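Notes follow the structure.
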Amino acid sequence: MGSAPAANVREICRARRADGPAAVLAIGTANPANCVLQDDFPDFYFRATKSDHLTGLKDKFRRVCQKLGVQKRYLHHTEELLGAHPEFLDLHAPSLDARLDIAKAAVPELAAEASRRAIAEWGRPAADITHLVVTTNSGAHIPGVDFQLVPLLGLRPTVRRTMLYLNGCFAGAAALRVAKDLAENNRGARVLVVCAELTVLLFNRPEEGCFQTLINQGLFGDGAGAVVVSADPVITTPAVREHPLFEIVSAAQTIIPESEDVIAMHLTKGGYGGNISTRQVPVLIGDNIERCLLDAFEPLGIGAEWNDLFWDVHPGSSAILDQVDAVLQLKPEKLAASRRVLSEYGNMFGVTVIFVLDELRRRMEKGAPEWGAMVAFGPGLTVETMVLHRCVAQGTGAAAPSEDKLTVA
Ligand SMILES: CC(C)(COP(=O)(O)OP(=O)(O)OC[C@H]1O[C@@H](n2cnc3c(N)ncnc32)[C@H](O)[C@@H]1OP(=O)(O)O)[C@@H](O)C(=O)NCCC(=O)NCCSC(=O)/C=C/c1ccc(O)cc1
């Protein structure tokens with residue numbers, strides 16, 4: 001076989017690229033059935049960990065729980081499951097294997113549930129998914145959740161998988177960034193992004209002097225979010241249409257200088273260890289968020305009137321959202337979707353921004369902003385910044401199929 005001239009190779013590569021931009025076509029979410037109310041949680045937690053005698057610490061935990069912005073969460077671990085694993089209550093007992101076993105079975109199931117909802121909304125067969133990007137902090141298995149999802153969802157064995165482990169709370173935005181590049185560089189690609197988290201690896205008994213445990217138990221929740229992304233949505237049949245919801249216009253990642261130790265987590269024999277500098281995190285995010293946003297929006301020629309945008313900010317805690325509000329001087333309704341998700345589900349690590357996106361699309365009405373920002377934070381400290389454009393048919397507030405003229409400001 002003769003070798004093709006270089007120009008032809010370029011042409012081949014160019015022809016393989018989609019016209020873009022990548023767009024979110026469908027969103028699915030899922031949570032475990034076990035719902036816990038924040039008001040009841042201190043009683044549950046201290047009872048389940050046989051720590052009711054630590055009355056001062058329990059009062060403090062109650063106060064901290066009230067400050068996190070959470071009212072409700074869903075947790076895979078129940079009192080029954082904890083009762084079957086007394087080793088989870090002993091900080092010094094080896095419990096990592098048992099925790100990983102729980103995650104190995106439960107994370108793919110939760111991920112599959114969210115994915116099925118996204119695929120059902122998308123309206124095409126699961127076998128039409130060409131790429132799969134999966135993230136979790138809850139596990140360390142090979143093959144991983146990505147592999148398990150292939151039979152669970154009926155994906156093709158040739159689906160191109162990318163597994164992102166241990167990206168902390170910015171994992172959801174990072175997965176969408178990867179999906180954008182995959183979709184825009186592969187004409188016809190249909191990328192399924194799936195994020196799934198369980199907090200069973202973080203579960204620990206309360207201890208005097210260990211504030212981190214109180215945050216871990218009071219803030220985080222379990223859930224999964226899935227999104228279908230494509231850069232060339234089409235009308236497939238008269239009955240089934242692909243509807244772009246949000247175009248992903250740009251995606252960037254930044255490390256905040258000298259913040260390496262601010263969120264540091266690692267696997268230990270007893271689950272996750274490490275520390276979050278809870279007072280520093282909101283301050284550092286506040287000090288750096290505007291620069292990250294300007295770097296994202298200025299090259300696009302979009303003005304920095306932050307109140308003209310819609311916002312998907314990772315709700316790390318209400319202190320973080322308050323800081324973002326204060327620095328960007330946002331109107332109260334701007335972070336309402338982030339605050340609602342935090343309140344109803346807790347901080348679900350990288351999953352949370354997908355829940356906020358789902359909440360945003362439900363809140364979008366005629367006259368809502370066309371341009372928006374997704375901002376996620378996590379270990380590093382790392383900031384993921386994404387410029388989003390809501391897809392609207394001219395003159396309506398509804399999402400438009402790709403054939404219709406899309407409004408681009
Ligand atoms: C709720 C906080 C912690 C405190 O709220 P506050 O408005 O500053 O209130 P206070 O100053 O009145 O503090 C409430 C209580 O907590 C105590 N406290 C206040 N920080 C302290 C303190 N660092 N020491 C020890 N006592 C303290 C404080 O002394 C006080 O105790 P007390 O007077 O007895 O009621 C608030 O600052 C806050 O939400 N901070 C941000 C929380 C945060 O870091 N969120 C998560 C960011 S991202 C992330 O977590 C990712 C994690 C991850 C996890 C796993 C992975 O695998 C990967 C990643």
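To convert, note that position 344 of the sequence shown is 344 in this note's numbering; the numbers rise steadily by one, no gaps. Glycine included, each C-beta is placed from N, C-alpha and C at the ideal position. Just so it is clear, the structure is predicted and the values come from calculations on it, not from any experiment.
* Of all the options Asn186, Phe41, Ala30 and Gly380, which has the alpha carbon lying nearest to the alpha carbon of Leu166? -> Gly380
* To do: Jot down the residue ranges of each uninterrupted alpha helix (DSSP H) in the stretch 204 to 257, minimum 4 residues, whole runs only, in chain order.
  => 211 to 219
* Asked: How long is the line joining the alpha carbons of Leu267 and Val145, rounded to whole angstroms?
  -> 18 Å
* Quick one: any contact between the stretch 146 to 160 and the stretch 120 to 136, if contact means 3 or more CB pairs under 8 Å? -> yes
* To do: Using only the heavy atoms of ligand 1, determine whether one of them is closer than 7 Å to the beta carbon of Lys411.
  => This structure cannot settle anything about residue 411, because the visible part of the chain is limited to 1 through 409.
* For Asn137, which three-state DSSP category applies? -> coil
* To do: Return helix, strand or coil for Val408, following the three-state DSSP convention.
  => At Val408, the pLDDT of 27 sits below 50, so the modelled position is not reliable; the number obtained from the coordinates is stated separately. Val408: coil per DSSP, three-state reduction.
* Asked: Thinking C-alpha only, which one of Ala18, Val9 and Leu25 is nearest Val229?
  -> Leu25
* Is it the case that the CB of Thr278 approaches a heavy atom of ligand 1 more closely than 7 Å? -> yes
* Simplified DSSP assignment, three categories, for Pro379 -> coil
* Quick one: what does DSSP say Gly172 is sitting in, helix, strand or coil? -> helix
* Asked: Would you say Arg63 touches ligand 1, meaning its beta carbon is less than 7 Å from a heavy atom?
  -> yes
* **With 16 other Cβ atoms within 10 Å as the buried cut-off, status of Gln217** => buried
* Where Glu197 falls: helix, strand or coil (DSSP) -> strand
* What's the C-alpha gap between Leu164 and Thr29? -> 19 Å
* Cβ neighbour criterion (16 or more within 10 Å) applied to Gly69 -> buried
* Asked: How many angstroms separate the CA atom of Asn275 from the CA atom of Val353?
  -> 22 Å
* Own chain, CB closer than 7 Å to Leu82, minus 5 neighbours either side, in chain order -> Ala48 and Phe88
* In whole angstroms, what separates the C-alpha of Phe220 from that of Ser343? -> 11 Å
* heavy atom of ligand 1 below 7 Å from Val324 C-beta -> no
* Asked: Looking at the unbroken beta strand (DSSP E) that takes in Gly274, where does it start and where does it end?
  -> Gly271 to Ile276
* **Where Asn137 falls, given that 16 or more other Cβ within 10 Å makes a residue buried** => buried
* Asked: Beta carbon of Tyr272: closer than 7 Å to some heavy atom of ligand 1?
  -> yes
* What distance in whole Å lies between the Cβ atoms of His314 and Val234, which are believed to be in contact at a cut-off of 8 Å? -> Not quite, the Cβ-Cβ distance comes to about 32 Å (not below 8 Å), so this is no contact.
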